[in-house]
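Enquirer: Last residue of the sequence shown: 666 (the numbering used here), numbering continuous. This is the structure I have questions about; it appears just below.
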Amino acid sequence: MSTAHPFDLTGRVALVTGAARGLGRAIAAGLARAGATVVLNGRDRVALAKAAEPIAKAGGKTDIAVFDVTDAAAVRAGVAGIEAKHGALDIVVNNAGIQRRHPVADFPLADFDAVIETNLKAPFVVAQAAIPGMRKRGRVLDNPF
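Encoded structure:
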């Protein structure tokens, strides 16, 4: 991959959740084109490998990390595994998300809970797992306010 990019991320390590398809896959490819080592996350190893393949073929540095962002223990273990292999994260893109469609009066509570777990709680849990390593690399301010 060419490093002649106006947004140079050479030497950076990026995690993109929900990267097996769609926007997450496109974000991962863009980060790789900018020179980052990109770790694609999702729950489906086969889909992640398929998404990583064109990045690698284009010369990008890529890896996959299979874990469910709604499982806090799995997130902590997944981030620890990424850090052990690639070093602390520089970039986290919390892209994983789901949607469920039902009329409000008939919306199953289990579907509502799944949306909240994935779209609201998971980004917080991923950030919490990544921040200690990011702080050590100077990527997070101790008090941003």
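We treat Cβ as the ideally placed atom computed from N, Cα and C, and that holds for glycine. Just so you know, these numbers come straight off a predicted model, no measurement behind them.
Suppose you measure from the CA of R597 to the CA of P624; what does that come to, to the nearest Å?
Expert: If I take the Cα positions, the gap works out to 35 Å.
Enquirer: With a cut-off of 8 Å, do at least 3 Cβ pairs link the region 641 to 649 to the region 583 to 592?
Expert: Short answer: they touch.
Enquirer: Does G543 come out as helix, strand or coil in the three-state DSSP assignment?
Expert: In this structure, G543 counts as helix in the three-state DSSP scheme.
Enquirer: Provide the residue span of the beta strand (DSSP E) that contains A586, from first to last.
Expert: Segment 582 to 587, the beta strand (DSSP E) holding A586.
Enquirer: Assign E574 to buried or exposed, taking buried as 16 or more other Cβ atoms, counted over all protein chains shown, within 10 Å of its Cβ.
Expert: Result: exposed.
Enquirer: Could you check which residue in G539, R546, R660 has the C-alpha nearest to that of G618?
Expert: G618 has its Cα closest to that of G539, out of G539, R546, R660.
Enquirer: For the region 645 to 660 against the region 606 to 616, do three or more pairs of beta-carbon atoms, one drawn from each stretch, fall closer than 8 Å, so that the two count as touching?
Expert: Yes, since at least three Cβ pairs between the region 645 to 660 and the region 606 to 616 fall closer than 8 Å, the two stretches touch.
Enquirer: Roughly how far, in whole angstroms, is the beta-carbon of I585 from the beta-carbon of R566, given that I think they are within contact range, below 8 Å?
Expert: Their Cβ separation, rounded to whole angstroms, is 7 Å, which keeps I585 and R566 in contact under 8 Å.
Enquirer: Spell out the partners DSSP gives A535 in its beta bridges.
Expert: Partner(s): V559, I612.
Enquirer: What does the Cβ neighbour count give for G581, buried or exposed, with the cut at 16 atoms within 10 Å?
Expert: Counting Cβ neighbours within 10 Å, G581 comes out buried, since at least 16 surround it.
Enquirer: Count Cβ pairs between the region 629 to 637 and the region 554 to 568 that sit closer than 8 Å; are there 3 or more?
Expert: As far as the Cβ criterion goes, the region 629 to 637 does not touch the region 554 to 568, which means the pair count is below three.
Enquirer: Thinking just about the alpha-carbon of each residue, which of G563, I612, V587 is nearest to the one in G602?
Expert: Considering only alpha carbons, the answer is V587.
Enquirer: Just to confirm, are A651 and V614 a CB contact at a threshold of 8 Å?
Expert: Contact: no.
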